[in-house]
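Chains as they are written, first to last, in the working numbering: chain A, 125 to 326; chain B, 32 to 686.
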């Protein structure tokens, strides 16, 4: 048993149309589809990466942003290790709504210590020329709300997407007690703990 | 007369680890088998049947995996084939067991009152059957997996420990709790004392009412269903959780929590499936073999015109609907035929009448369109709801079927039409406005109509059917999920139990299917076919739910073989998108319909979901009860069933 595995649940939240699915697809498949459908229900993709010599599986959850779907979206917040609050730099309303998304997440994810929970903020669509939200405004918000890391991303031309997710992973690992995620797998209770891999591999 | 048997719980992959002093020469001997809770002749029995006498211990490596974890994604190929091998042997066993069932489970060792361990037959050496009223306690232990030790009141007999290498101990205990109160032993927290039925259940109910624990009472009040007799299982669960304390809760894994929360969002699941008050008991009904169904050619323009009289009325609407149900429409006919199917044109209208109808509807449409077109920027600034609808419509129009030639590229007029119709619909129904998913429902209609006004009114008709899905409380979605779950439970109890054991019994993963009627699951041309078939309203009400069952039927093997958990089931179903074959699905769905239709002893809940209660009754001489009259071919196999009293158990019968 050399490799240790761990599973991190990361959730993308933000207004409809800010590019949550595109960010996820860019990161996991390194593709951008300008004709992607808007998300109905919830979806997730997995990506395995290596962090400090450990295998980490990122489970990235993507949800429908419209208010109407709240009741069927919020149950999936449970168990998240990191939340990516997403807005679009060409849509001021989506930026103003960040606080609501944060509140909704903290409430429904049942976060024990909200002030210590790792949020990462993404300002997407920086490839668009007509910005409505400036970098300074966004940085200010992040600073005032809990000193969150801020990334200006473009799912379209792959700007900063991987960096943002890597930051999310580091924050998530740092926030929780490391041991919680990287327990030697043979001590894991098989019946109750889906977070860690079982040790059946020879 | 056949013995009556109800299967309440069923799980494979339960192991015994006989020690040498139990007569096994081999230290490493493992017995794999299936555990069931059954109700037989008003008795609740726990029974274990081994798969075979021993199992290669190397299989255990995989058997130890947590079924609901997500870690299998990284599994090596070797492990996978191993686990598949294990599952295959179990499946063949399952088949055999089903066969036993078909002959009414005529096993000597299950005679009434029998509870001693059966060592008589070599193959069933490790089999046992025990009445739960003879159980004294259950000890729950963990050893990397959970194992249970069942102690009998009669201390002279003992039962080997049951090892749940593949999970399921919790489900087993939950199922037991429907019939017995399990309370933690004060001296030993790993030990659950078993007290027997009825009395215990009513006691637990009283306990609940006495309980001052806010959480419990709160939860209780929020769920009025719990107050009915049938949900004692739920009540005892609450009690149990309260007794177990917070320790257990902290260990709860996220998918379980997610599932619990979803269960609150979609309430009433369990209760709905009850036929009679009293215990919630799952019934196994043999539906007989599923008939092979063939599909027909699409209705051609020639064929369609033959159904019109000289003035344009459609003659023999019923036959035409039947034809469309069986074959769909050729594409050229859709523009006209859909208007009838959707109720925009009455079938009995003449060409002249339709012309004047269309004229009136055109005026009405543009009057509503002008309403939003004429809103000034100032007005819009003060109307946040309209602004939100508008902004979301603009975003979604740009993300709907953009690879379809009708909507592709920049500045495609199709996009403008899609946008304008959705905006006008907001004016038509401002309370609902625009909800994500509606653009998916409009897109195929507009594609077929190629006309703004016709597309709008056809969309209005379709939305009349789908409206509840999009309302604030999403009642339509909840109802459909419950109905689907009810149907699936009847059709495939083993699969339903599996999903339930993976916290997926409320079928959340079918959400997208139901919200927008498979629009995202099928390629565009197949969506057109499916929708026109559904709009015939044949062969029964809620046929789309049988379409769901047909798809699930095709996926069940994969899901169960791979032992998918909550997350993987969701992922697997999401990823079926664009891989489904519509004609196969329609064949299977119709086959399922015929299968259910010919079932003589349908629970009322099923007939009411499928509208058998209200549908035109097929003339028949049998059955004078309130149940729907069944077609005569229900007896075609020569096994006409005797009429049992309504409250009796529905047993398993031969097909």
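Every residue, glycine too, gets a C-beta built ideally from N, C-alpha and C.
| Asked | Found |
| --- | --- |
| Give every residue of the same chain whose Cβ lies closer than 6 Å to the Cβ of residue 245(A), excluding the five residues on either side of it in the sequence, and list them in chain order. | 209, 266, 272 and 274 |
| In whole angstroms, what is the alpha-carbon distance linking residue 544(B) and residue 139(A)? | 23 Å |
| Identify the contact partners of residue 431(B) in chain A, using a Cβ-Cβ distance below 8 Å as the criterion. | 161 and 162 |
| Closest by CA to residue 521(B), which one among 414(B), 79(B), 633(B) and 327(B)? | 633(B) |
| So residue 174(A) is in the beta strand (DSSP E); what residue range does that whole segment cover? | 166 to 175 |
| Tell me which residue opens and which closes the beta strand (DSSP E) that residue 170(B) is part of. | 166 to 173 |
| Have a look at 575(B), 607(B) and 490(B) and flag the residue whose alpha-carbon is nearest the alpha-carbon of residue 642(B). | 575(B) |
| What does the alpha-carbon distance come out to for the pair residue 201(A) and residue 233(A)? | 5 Å |
| Strictly below 9 Å CB to CB, what residues from chain B border residue 365(A)? | No information on residue 365(A) is available, as it lies outside the stretch 125 to 326 that chain A covers here. |
| Give the range of the beta strand (DSSP E) segment to which residue 185(A) is assigned. | 178 to 187 |
| Going straight from the alpha carbon of residue 37(B) to that of residue 73(B), what length do you get? | 10 Å |
| Count the CB pairs spanning the segment 474 to 493 of chain B and the segment 448 to 461 of chain B that are closer than 8 Å, and state whether there are at least three. | yes |
| Could you list which residues in chain A have their beta carbon closer than 9 Å to that of residue 503(B), in chain order? | 192 |
| Listing by chain order, which chain B residues have their CB less than 8 Å from the CB of residue 177(A)? | Simply none; closest approach about 16 Å. |
| Residues of chain B with a CB under 7 Å from the CB of residue 167(A): which are they? | 605 |
| Following the continuous beta strand (DSSP E) through residue 212(A), name the residue where it begins and the one where it ends. | 206 to 212 |
| Helix, strand or coil: which one does DSSP assign to residue 142(A)? | coil |
| Please report the distance separating the alpha-carbon of residue 662(B) from that of residue 39(B). | Confidence is the limiting factor: at residue 662(B) the pLDDT is only 38, short of 50, which leaves the residue's position unreliable, though a coordinate-based value still follows. The straight-line gap from Cα to Cα measures roughly 30 Å. |
| Below 6 Å CB to CB, which residues in the same chain sit around residue 78(B) once its five sequence neighbours on both sides are set aside? | 67 and 160 |
| Whole angstroms is fine: what's the gap from residue 620(B)'s alpha carbon to residue 565(B)'s? | 11 Å |
| Quick check on the DSSP output: the alpha helix (DSSP H) that includes residue 392(B) runs from which residue to which? | 382 to 404 |
| Tell me which residues share the same chain as residue 476(B) and place their Cβ nearer than 6 Å to its Cβ, disregarding the 5 neighbours each side in the sequence. | 486, 489 and 490 |
| Along the beta strand (DSSP E) that carries residue 222(B), what are the first and last residues, could you check? | 222 to 226 |
| Go to residue 729(B), then tell me how far its alpha helix (DSSP H) extends in each direction, as first and last residue. | Not covered by the structure: residue 729(B). The range shown for chain B is 32 to 686. |
| Keeping to the same chain, check which residues put their C-beta closer than 6 Å to that of residue 198(A); ignore five residues upstream and five downstream. | 232 |
| Which residue wins for smallest C-alpha separation from residue 560(B), given the options 428(B), 612(B), 527(B) and 349(B)? | 612(B) |
| According to the Cβ coordinates, are residue 356(B) and residue 546(B) closer than 9 Å? | no |
| Output, in sequence order along the chain, the residues in the segment 181 to 208 of chain A whose CB is closer than 9 Å to any CB in chain B. | 181, 183, 188, 189, 190, 191, 192, 193, 195, 196, 198, 199, 200, 201, 202, 203 and 204 |
| The beta strand (DSSP E) with residue 274(A) in it runs from where to where? | 274 to 276 |
| Please determine, among 363(B), 339(B) and 369(B), the residue with the shortest C-alpha to C-alpha distance to residue 379(B). | 339(B) |
| Looking only at C-alpha atoms, which of 188(B), 185(B), 395(B) and 173(B) sits nearest to residue 200(B)? | 173(B) |
| Check distances from the C-beta atoms of the segment 133 to 158 of chain A to those of chain B and list, in chain order, the residues that come in under 8 Å. | 133, 140, 141 and 158 |
| When the distance is taken between beta carbons, is residue 160(A) closer than 9 Å to residue 205(A)? | no |
| Please list, in chain order, the residues of the segment 532 to 549 of chain B that have any C-beta partner in chain A closer than 9 Å. | 539, 540, 542, 543, 546 and 547 |
| Assess contact between the segment 603 to 618 of chain B and the segment 572 to 588 of chain B, defined as three or more Cβ pairs (one per stretch) separated by less than 8 Å. Is contact present? | yes |
| Going by C-alpha to C-alpha distance, which of 433(B), 446(B), 187(B) and 381(B) sits closest to residue 346(B)? | 381(B) |
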